[in-house]
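Numbering (the working numbering), first residue to last: 0 to 348.
All C-beta atoms in this analysis are idealised placements derived from N, C-alpha and C, irrespective of residue type, glycine included.
Everything numeric in this text was worked out from a predicted model, so none of it was measured.
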Amino acid sequence: MIFHQLFERETSSYTYILGDSATREAIIIDPVLEMVDRDIKLVQELGLKVKYVLDTHVHADHITASGELRKRLGAKVGINRVYGLTCPDVQLVDNQELSFGPYVLKAISTPGHTEGCMSYVVEDMVFTGDALLNRGCGRTDFQEGSSEKLFYSVRERLFNLPNHTTVYPAHDYKGMSKSSIQLEKEFNPRLNLNIQKEKFLDIMANLNLANPKKIHEAVPANSWCGLPRGSEHMKSGYVEGVPTVSVEEVHSKLGHIKVIDVRSIEEFNNELGHIPTSQLATLGEEFQNFLENYKQDEELVFVCRAGVRSAHATVYAISKGISKVYNMEGGMLAWNELGYKVEKDLGGS
């Protein structure tokens, strides 16, 4: 089996690519929107045909790339039907099986972190999302979470898998890439077999965690497979109801508008480069800080690779009461197609 575990640093998120070396069919689990170019590049280098893109749950700390991967690779998107979402192609139910090549993925319902959490079993591996982490578990205080349900999910569903089963979570905050069912039974400080349910409930009730930084952006976006609502059948970079400006208009107005690039710093300086005079404000905490300090004295144009993340940025800015904001249609792909000048240093203004 082809197997790759990929890491996203800002939210400590793992994405998994599994493929069959003979048929080249593959699946992707828990992709992150900011890393979609990385994932597609690897898929293309490996010569894989992505059949399914699956999320373990509706994430609150990052935006999924499932919808974008469907648009660009033709894959089917799947998530638990409990969420009642309309964007997925596959509405998964407990014990449902999906195949890629000769391999079978089995979805098992593991609610608790959220009501719709699922874990995916493939061979001797289980992809647990936030239900079971390396020496920990996901919080249970939002999205219809339930500590009682999580205790049952781990003890009765996950811990009933063979002890040698390798555990691959959606996040890691301890510098560990994987664990096993046996190790978590013995050493998980919240859920080891010596912990009684009442103790676990007390632990979870007293975590007192702050909300994820992107929760108000991520949860609505992930309810539409990571794409702005209404964009499923639109061309890349255009979203109905979002103020949009063409690449040509941006080019003609440089020096009279403020261009904000919401990609990562790596993308800002990669082969697509960035627009001269543009400022980097990566979507997330950095972008939120920019908006908080912004004085409304000029037009803002948001830019990303293809126009999807910048559409999210535009919607978010409008929700914060900023009126003169626009999404650049087609993103840096369109800018480069027209042969306009780009820079590749880490500057900007």
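- The three-state reading of DSSP puts L190 in coil, since its state is none of H, G, I, E or B.
- The alpha-carbon of I274 is positioned some 7 Å away from that of K340.
- Remark: fewer than three beta-carbon pairs, one from each stretch, lie closer than 8 Å, so the region 43–54 and the region 274–285 are not flagged as touching.
- Per the Cβ contact rule, the region 78–92 is not in contact with the region 123–131 (fewer than 3 Cβ pairs under 8 Å).
- A distance below 6 Å between beta-carbons, with the five flanking residues on each side excluded, links N292 to no residue of its chain.
- By the neighbour-count criterion, in which a residue is buried when 16 or more other Cβ atoms sit within 10 angstroms of its Cβ, P110 is buried.
- With the rule of 3 Cβ pairs closer than 8 Å, the region 103–119 counts as touching the region 135–143.
- Per the DSSP secondary-structure output, Q90 pairs in a beta bridge with I78.
- Closest in C-alpha terms to P87, from the list G225, L337 and G330, comes G225.
- For I214, the uninterrupted alpha helix (DSSP H) run begins and ends at I214 to N221, by DSSP.
- Within the region 275–337, complete alpha helix (DSSP H) segments of at least 4 residues are found at 284–291, 307–318 and 330–336, given in chain order.
- If you look at E197, you'll find it in the alpha helix (DSSP H) that goes K196 to A204.
- The three-state reading of DSSP puts E7 in strand, counting E and B together.
- Annotated as proximal: E266 and D36, with beta-carbon spacing under 8 Å.
- Under the three-state reduction of DSSP, K340 is assigned to coil, being neither helix nor strand.
- Taken through DSSP and simplified to helix, strand or coil, V246 comes out as helix.
- The Cβ neighbour count for H58, taken over all protein chains shown within 10 Å, is at least 16; the residue is labelled buried.
- Apart from the 5 residues on each side of it in sequence, S309 sits with its Cβ closer than 7 Å to the Cβ of V261, F301, V302, C303, N326, M327 and G330 in its chain, given in chain order.
- The distance from the Cβ of S178 to that of N133 is about 5 Å, consistent with a contact at the 8 Å cut-off.
- Annotation for V153: no alpha helix (DSSP H) segment contains it, and DSSP assigns it neither H nor E.
- Assigned with DSSP and collapsed to three states, D36 falls in helix.
- Around the beta carbon of R8, a 10 Å sphere encloses fewer than 16 other beta carbons of the protein chains shown; the residue is thus reported as exposed.
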